[in-house]
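Encoded as structure tokens, the structure appears first; notes follow it.
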Amino acid sequence: MPKLLKASFLITTLITIMSLVTAQSTLTLAFIPQENPEKLLGDIAKITHYLESELDLDVRGFVSQDHAAAVEAMRNGEADISFMGGLPYVLAHDQIGVKVILGEIYRGSPVYRGRIFVRKDSGIINLEQLRNKTIAFADPISESGYLYPLDVFTQAGLIDPEENPTRFFDAVFFAGGYQQAIQAMANGFVDAAGVSQFAELLLTPEQLEKVDWIAESDLIPSHSVVARQDLDPDLLARFTEAMLQLNEPDYQHLLQYVYGHDGYVKVTDSTYDSVRELARKYGYLE
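Counting from 31, one number per residue, gives the positions in the sequence shown under the numbering used here.
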């Protein structure tokens, strides 16, 4: 074998060996606590088991404290994939270049709304009556758990997007999740909750009878599944196909373990342009 050809062969072999040695052996998923974190931990175990069988590698999942913590985990390489809302996605895309790969379908739709919930016995029937009252949101980095419900007040002329919302409300609380926020309202700790329209499903039947919503936001693109920028393309493609396989009848029962929605569709960055525009309006992006 000519020396040049032999050298080329050895280099190619070495690169192949190094690729095999450095191939990613674990996929780590970050989940946002939209509901009871203890229940979510049990769900994570089931969906990671499914993914391990499909991807033939170790799959781990953890519940992050909130959206910001999930983004930070991806920045630090502590998470490869995250399930997050549109606002944390557009912020993470701007900051660290994460890729959006899938969007959720829930109750047959890829869009939904934020709503302002109150207790029926409060006597509050319009937004103006919440002046100098208290409100709970889910998370400051949440589109349906903060940004879009807040914009309801802005569109009504009650809040200036360049000013602190406490100029209108007596106090604003971030409860850490949809369930925590709407339960705080239902249990009388705050006067209102600004959360996803589907947050009412997290109430008990007794609580649900006692609450109502008085306003709703513009349409919001569904929650997304995102990947860190430098995730191996082959692994990302296999993960994407495994998640899309959940749409098939034989696998649909597993969707209950990933926030209980109806399935997934492929999406692109432009799907979340409306969220990006609102993020600029409220100073999240330049």
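C-beta: ideal position from N, C-alpha, C; glycine also.
Where are the beta strand (DSSP E) runs, 3 residues long or more, that stay fully inside the stretch 123-196, in chain order? Counting only unbroken stretches of 3 or more residues, the beta strand (DSSP E) elements lying wholly within the stretch 123-196 are 129-135, 144-149, 164-167, in sequence order.
According to DSSP, residues forming a beta bridge with Leu57: If you number the sequence shown from 1, residue 57 lands on position 27. In the DSSP assignment, the residues bridged to Leu57 are Val89.
Counting Cβ pairs, one atom from each stretch, are 3 or more of them under 8 Å apart for the stretch 221-232 and the stretch 137-157? Proximity of the stretch 221-232 to the stretch 137-157 meets the contact definition, three or more beta-carbon pairs being nearer than 8 Å.
Report, in whole angstroms, the separation of the C-beta atoms of Pro251 and Tyr208, which I expect to be a contact under 8 Å. Position 221 of the sequence shown holds residue 251. Position 178 of the sequence shown holds residue 208. In this structure Pro251 is not in contact with Tyr208, their Cβ atoms being roughly 17 Å apart against a cut-off of 8 Å.
Quick one: complete alpha helix (DSSP H) runs, 4+ long, within the stretch 243-287? Listed in chain order, the complete alpha helix (DSSP H) runs (minimum 4 residues) inside the stretch 243-287 are 263-274.
Helix or strand or just coil, what does DSSP make of Ala98? Residue numbering aside, residue 98 sits at position 68 when the sequence shown is read from its first letter. Secondary structure at Ala98: helix, using DSSP grouped into helix, strand and coil.
DSSP three-state call for Phe228: helix, strand or coil? Position 198 of the sequence shown, counted from the start, is the residue given in the question as residue 228. In the structure shown, the three-state DSSP call for Phe228 is helix.
Buried or exposed, going by whether 16 or more other CB atoms sit within 10 Å of the CB of Gln282? Working through the sequence shown from its first residue, we reach residue 282 at position 252. With fewer than 16 other Cβ atoms within 10 Å, it is exposed.
What do you get for Ser139, buried or exposed, if any count of 16 or more other CB atoms within 10 angstroms of its CB means buried? In the sequence shown, residue 139 corresponds to position 109, counting from 1. Classification of Ser139: exposed, given that the 10 Å Cβ count is below 16.
To the nearest angstrom, how far is the alpha carbon of Met273 from that of Ser254? The count along the sequence shown starts at 1 and reaches residue 273 at position 243. The count along the sequence shown starts at 1 and reaches residue 254 at position 224. Approximately 12 Å between the Cα atoms of the pair.
Give every residue of the same chain whose Cβ lies closer than 7 Å to the Cβ of Met114, excluding the five residues on either side of it in the sequence, and list them in chain order. As a position in the sequence shown, residue 114 is number 84, starting the count at 1. Around Met114: Ile62, His97, Ala100, His253, Ser254, Val256.
Cβ neighbour criterion (16 or more within 10 Å) applied to Pro191: For the purposes of this step, residue 191 is identified with residue 161 of the sequence shown, where counting begins at 1. Within a 10 Å sphere around the beta-carbon of Pro191 sit fewer than 16 other beta-carbons, which makes this residue exposed.
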